[in-house]
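**Student:** Sharing a structure, written as structure tokens. Questions coming.
Residue numbers (this note's numbering), protein chains in the order written: chain A, 136 to 297; chain B, 13 to 492.
As structure tokens, then:
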């Protein structure tokens, strides 16, 4: 009998408020990736990261956190993420590094983690829809991440993104 | 405004509360606190955003306001739009599904606040190193407690997902009812875990209660002051977090008004604008702005109600009220104890609802004759939330006014900041971590959601500045 290959479980969490223009880049990325995702790829979207996201990392081999960025590189950044146990808990939401730290401390979950920051431009008003620049950056980010999830990382692709 | 003989301390933004807030403490030449104010950078433009939208879209649209308490806005707007749609009474299934959503929200919000935001201060002390005084520090030293917090929060979030449909922009409540019931399989999944959730809720209440009683000598005066209290109560005086009539009591427990239909809230509540703050200052109209300000939220609700209609929470309420011999408790730090009484009450209500076969009913929506104007009120986790709308003959919203819970607590938060500043900063020449955190502890007691701000990468540093009489910055602290 053939051995059943292990399917890596990978999770993409996009977070932000779609009612605040480009703050919705994270959820938009999760939606775009979900439409093209292959086996073993799960996506989730929420307004912000909170403590229970740590439980969701149990059993994950890899997690990608995707958020809008107010002043990061264009079109996006993609960088390895380490657990952060510092005093960076500023609001009701917590940072991706803190989610990782909590997942390790509480659930012994230590997936490989990445933080994707998609550059946005319009944050200070209520409204639906992304700005034109954010839409361009989203397309580039979705292409990159979909290819990476499908084909695996390449040095060239990572260099191009960071 | 600073005079030549005053110093000013600026704390911006406040950490571990939502959005951007700024605290300014005005010192005189002898470094005594002259005045302290909490400035709220409130997000503007929501009314414009909502104008012209069809009324049936509003319960979904208002969730854009806030990623922290979208369910509260969703349900307050839905309650207003019930009346716009001419509906005064929902079907039993619709009301119970909404209640399940709301008490799920209450559970997850109170759990997050207590375990994530407050427990580090209580467990490690206000003066502990901020490198350990956070939820990771709790996870390392008290892992069982941290897991309980996460799982309580997760249970509440799952209830919201089951009743509202999804995490972002849920659609469960619609004008006149709901668009889903709770299938038996989902109900059974929740029932399977409810005993464990109840156990954890009891444990959280015990922690908050024991901490408060043990430290009462220090906490009694911490950021505390006498105040009026406002909340919804049921017709028989019971606590009801989803629906009821308005009751206001004074600091001694005398009723200022009672059983007021909230459609008439403007006859009883006014909002004052002050030039130094974006956020308005609500007050009880008959008492005026100087004496009519009030507190909302868990402390106000437990003080204002006559009883709680679930047994364990009622026993806890009696225990709490015994501390003040049945009179209102005006200790600011008692918010945490009352928040955990409400957390246990919410779990009891959720259990009662899950046992109710009405959740599987199929009669979900009622229709009525259109009205042009309506108010929706709900007791959100942070306090009473007002939604007021006018809708024209084309079904488009023409006017909307919101008084959010944090706005209702605006004056009390300012009072708390000033009290703590006077007690702990007088004579200080530098801003120590302990002094700074005490101000934040007082604000955090109210669990404010300051502006429902965006949170994109790169935001939310903590900046503290101390300026001398000439405006020169002589001390500055920053924490990310």
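Each residue gets a CB set at the ideal place from its N, CA and C atoms; glycine is no exception. Computed from a predicted structure; not experimentally measured.
Just the C-alpha distance for residue 325 of chain B and residue 248 of chain A, rounded to the nearest angstrom, thanks.
**Tutor:** About 42 Å.
**Student:** What's the gap between the Cα of residue 46 of chain B and the Cα of residue 39 of chain B?
**Tutor:** C-alpha separation (whole angstroms): 5 Å.
**Student:** Can you list, in chain order, the residues of its chain with a C-beta nearer than 7 Å to that of residue 446 of chain B? Leave out the 5 residues immediately preceding and following it.
**Tutor:** 138, 139.
**Student:** Would you call residue 315 of chain B buried or exposed, if buried means 16 or more other Cβ atoms sit within 10 Å of its Cβ?
**Tutor:** By the 10 Å Cβ count, residue 315 of chain B comes out buried.
**Student:** Under 8 Å, with one C-beta from each stretch per pair, do the stretch 443-462 of chain B and the stretch 337-351 of chain B reach the 3-pair mark?
**Tutor:** Yes, the stretch 443-462 of chain B touches the stretch 337-351 of chain B.
**Student:** Decide if residue 91 of chain B is buried, meaning its Cβ has at least 16 other Cβ atoms within 10 Å, or exposed.
**Tutor:** Buried.
**Student:** Give the single residue among B/142, B/279, B/411 whose Cα lies nearest to the Cα of residue 62 of chain B.
**Tutor:** Closest by alpha carbon: B/411.
**Student:** Could you have a look at residue 256 of chain A and say whether DSSP puts it in helix, strand or coil?
**Tutor:** Residue 256 of chain A: coil per DSSP, three-state reduction.
**Student:** For chain A, check one thing: does any of its Cβ atoms lie closer than 8 Å to the Cβ of residue 61 of chain B?
**Tutor:** So yes, residue 61 of chain B belongs to the interface.
**Student:** For residue 118 of chain B, I'd like the list of residues in its chain whose CB is within less than 8 Å of its CB, leaving aside the five on either flank, ordered along the chain.
**Tutor:** The answer, listed in chain order, is 168, 253, 354, 355, 358, 393.
**Student:** Suppose only complete runs of 4+ residues qualify. What are the alpha helix (DSSP H) ranges in the stretch 250-337 of chain B, listed by chain order?
**Tutor:** Runs of the alpha helix (DSSP H) inside the stretch 250-337 of chain B: 300-303, 310-316, 323-334.
**Student:** Does the stretch 178-189 of chain B come close enough to the stretch 371-380 of chain B to have 3 or more Cβ pairs within less than 8 Å?
**Tutor:** Contact between the stretch 178-189 of chain B and the stretch 371-380 of chain B is present, because at least three Cβ pairs lie under 8 Å.
**Student:** My understanding is that residue 166 of chain B touches residue 203 of chain A, with C-beta atoms under 8 Å, so please give their C-beta distance in whole angstroms.
**Tutor:** Not a contact, Cβ separation roughly 25 Å.
**Student:** Pick helix, strand or coil for residue 66 of chain B, following the three-state DSSP scheme.
**Tutor:** Here residue 66 of chain B sits in strand by DSSP.
**Student:** Is there a Cβ from chain A that is less than 8 Å from the Cβ of residue 39 of chain B?
**Tutor:** For residue 39 of chain B, the answer is no, since every Cβ of chain A falls outside 8 Å of its Cβ.
**Student:** Helix, strand or coil for residue 138 of chain B, going by three-state DSSP, please let me know.
**Tutor:** Coil, per DSSP.
**Student:** Going by Cα to Cα distance, which pick from B/76, B/83, B/409, B/116 is closest to residue 206 of chain B?
**Tutor:** The option with the nearest alpha carbon to residue 206 of chain B is B/116.
**Student:** When you compare the stretch 401-411 of chain B with the stretch 421-438 of chain B, are there three or more beta-carbon pairs, one atom per stretch, that lie closer than 8 Å?
**Tutor:** Short answer: they don't touch.
**Student:** Quick one: what's residue 150 of chain A bridged to in DSSP?
**Tutor:** DSSP lists A/181 as partners of residue 150 of chain A.
**Student:** Hey, residue 279 of chain B and residue 293 of chain B are a contact pair by Cβ (cut 8 Å); roughly how many whole angstroms apart?
**Tutor:** That belief does not hold up - the Cβ atoms of residue 279 of chain B and residue 293 of chain B are roughly 18 Å apart, past 8 Å.
**Student:** Distance, Cα to Cα, residue 146 of chain A vs residue 94 of chain B?
**Tutor:** When rounded, the distance between both Cα atoms is 39 Å.
**Student:** For residue 402 of chain B, which residues does DSSP report across the bridge?
**Tutor:** Per DSSP, B/385, B/411.
**Student:** Counting only C-beta atoms, is residue 243 of chain A closer than 8 Å to chain B at any point?
**Tutor:** It does not: the Cβ of residue 243 of chain A has no partner Cβ on chain B nearer than 8 Å.
**Student:** List, in chain order, every chain B residue whose beta-carbon is nearer than 7 Å to that of residue 261 of chain A.
**Tutor:** Within chain B, the residues near residue 261 of chain A are 57, 58, 61, 76.
**Student:** Quick check: the stretch 216-235 of chain B against the stretch 327-346 of chain B, are at least 3 beta-carbon pairs closer than 8 Å?
**Tutor:** Yes: the two stretches touch, three or more of their Cβ pairs being nearer than 8 Å.
**Student:** Exposed or buried, residue 108 of chain B, counting other C-beta atoms within 10 Å across all chains shown (16 or more means buried)?
**Tutor:** Answer is buried; the Cβ neighbour count reaches 16.
**Student:** Nearest to residue 360 of chain B by alpha carbon, out of B/86, B/69, B/112?
**Tutor:** Minimum Cα distance to residue 360 of chain B is reached at B/112.
**Student:** Which residues bound the beta strand (DSSP E) around residue 201 of chain A?
**Tutor:** Start and end: 197-204.
**Student:** For residue 50 of chain B versus residue 429 of chain B, is the C-beta spacing smaller than 8 Å?
**Tutor:** Contact flag set, yes.
**Student:** At least one CB of chain A closer than 8 Å to the CB of residue 165 of chain B: is that the case?
**Tutor:** Chain A, which has a Cβ nearer than 8 Å to the Cβ of residue 165 of chain B, makes this yes.
**Student:** Given a cut-off of 8 Å on the beta-carbon distance, is the pair residue 180 of chain B and residue 153 of chain A in contact?
**Tutor:** Against a cut-off of 8 Å, the Cβ pair of residue 153 of chain A and residue 180 of chain B comes out as a contact.
**Student:** Have a look at residue 367 of chain B and residue 178 of chain A and give me their C-alpha separation to the nearest angstrom.
**Tutor:** Rounded to whole angstroms, residue 367 of chain B to residue 178 of chain A spans 33 Å at the Cα level.
**Student:** Can you give me, in chain order, the residues of the stretch 172-195 of chain A that have a beta carbon less than 7 Å from any beta carbon in chain B?
**Tutor:** Answer in chain order: 180, 181, 182, 183, 185, 186, 187, 189, 190.
**Student:** In chain order, what residues of the stretch 250-277 of chain A put their CB closer than 7 Å to some CB of chain D?
**Tutor:** Considering every chain present, this structure includes no chain D. Its protein chains are A and B.
**Student:** Can you name the residues that DSSP bridges to residue 131 of chain B?
**Tutor:** According to DSSP, residue 131 of chain B bridges with nothing at all.
**Student:** Starting from residue 163 of chain A, trace the alpha helix (DSSP H) both ways and give me its first and last residue.
**Tutor:** Counting along the chain, the alpha helix (DSSP H) containing residue 163 of chain A begins and ends at 160-171.
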